[in-house]
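J.: Every position in the sequence shown, counted from 1, becomes a number in the numbering used here once 61 is added. Let me begin by handing over the structure; questions about it come next.
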Amino acid sequence: MSGAAGMGTWTQAVHNYLTGAAASRFRSQEVVITDHWRGRDNLLWRVRCGERTDAVVKMFTDAGQARSRRQFSGQERFARAGLAPEPLWYDRYPHGLPRQILVYQWMDGGVLKLAERFHRTAHADAAARVHRADRDEVQRFSPHPINLLTFWQIWQAGESPLREWVSAANAPLLADQLSRLWSAAHVLMDGALPLLGETPPSPIHGDLTAENALFHRGQVLLVDWEFFGLGDPAQEIARFLFYGGEDWSDEAQNEWLDYYRAGSSEPDLPDRVDLYLRLFNFRAVTFLLEGIRQRAVPPPAGTDPEAEGVELHSFLISALTAALRRSLVIWELSPLGRGDFQQLADEISCLSTIKSRES
């Protein structure tokens, strides 16, 4: 189920399911497939049933059982509030298809442009409305860590193996910077966890990125709810701001956060968001290092390994250096010196060539 060939292979099977399967609400009706496209972990078809129903069929290609149920639950809960498309049905064992599917109402809308103020305002309002919803009506947990304590426990479990690996390599500068950042993180968390570690969960969307939203008539519609459930709103906001891309400025991000705060009833939320942003910045450093350690980014099949290796090596040096510089600023630690950059590049090169060890 990969590439364009995968879409072509399953389009007829999807049509057969929609018109013939007992679980299909379109059974024995005229169904026309008008478009299809590929998502990150799914295949999607736009279909029309009769003259009135325009729908999306989503086939999950990864962890479909949990994601399809979560998305159906999120859409079902928030469609009536105008925040999600109306879900029609989901099928765990669709006849003639290899994965679970979800069918939901097609909704018109344009690309969400966070660089535009009206779009930001509407998106922040949508996020706040989700987070204010009654937690008692949500029966599932998001796969994201439920609170600060869980987030820290999961991430910090990798500290020792990573520090030992870097220390054993010929990378004294990187080992020293890593030690300084971990020490600062421990000091921060020692003070934060007793107060903020186990805040009660609230409903979260799970992935607020612009790709998962539509802008229509002054409002934002959140489309993909695959990570919906109970979780930590502050963590969700920080994740969105940190990974939100570079197509909107820091000033625009602060403005988005101000709009969100206006609709939030949690007085400690700004402090929690700031705390998570600091952690996400440092975690980016550790994730890049862990990727090198585990060889998590192999060259794509069918490419020149040597050329891909050079490109990957250049990317790692650039990304890791930028992440480290940013983290040192965020954590208010001494910045890298002018002569440190070449040494850092050499150390990253060394790490990229040694064999990974089992954690």
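Where a beta carbon is used, it is the ideal one built from N, C-alpha and C, also for glycine. Note that the structure is a prediction, hence the values are computed from the model and not measured.
Between the Cα of F276 and the Cα atoms of Q404, A183 and I409, which residue gives the shortest distance?
T.: A183
J.: Could you tell me if the beta carbon of E327 falls within a distance shorter than 8 angstroms of some heavy atom in the ligand GDP?
T.: Questions concerning the ligand GDP fall outside what the structure shown contains, since it holds no ligand whatsoever.
J.: Rounded to whole angstroms, what is the Cα-Cα separation between F402 and I298?
T.: 32 angstroms
J.: Could you tell me the boundaries of the alpha helix (DSSP H) in which V426 lies?
T.: Any question about residue 426 goes unanswered here, given that the chain covers just 62 to 420.
J.: Specify the secondary structure class of W71 as computed by DSSP and reduced to three states.
T.: The three-state reading of DSSP puts W71 in helix, counting H, G and I together.
J.: Would you please state the rounded distance, in angstroms, between the beta carbons of Q296 and Y321? I believe it to be under 8 angstroms.
T.: That pair is no contact at about 14 angstroms.
J.: Which same chain residues end up closer than 7 angstroms to I409 when comparing Cβ atoms and leaving out the 5 residues on each side of it in sequence?
T.: L377, I378 and L381
J.: With a threshold of 8 angstroms, are at least 3 pairs of Cβ atoms found where one atom belongs to the segment 217 to 230 and the other to the segment 382 to 398?
T.: The segment 217 to 230 vs the segment 382 to 398: no contact.
J.: For A183, which three-state DSSP category applies?
T.: helix
J.: Pick helix, strand or coil for W243, following the three-state DSSP scheme.
T.: Three-state DSSP puts W243 in a helix.
J.: Measuring alpha carbon to alpha carbon, tell me which of L144, G143, R131 and F87 ends up nearest V117.
T.: F87
J.: Are the beta-carbon atoms of A84 and D152 separated by less than 9 angstroms?
T.: yes
J.: Give the single residue among A145, R354 and M120 whose Cα lies nearest to the Cα of Y154.
T.: M120
J.: Does the distance from the C-beta atom of L282 to that of G352 stay below 9 angstroms?
T.: no
J.: What residue from D96, L105, V92 and R131 has the CA that sits closest to E112's CA?
T.: V92
J.: R128 to E287, Cα distance in whole Å?
T.: 5 angstroms
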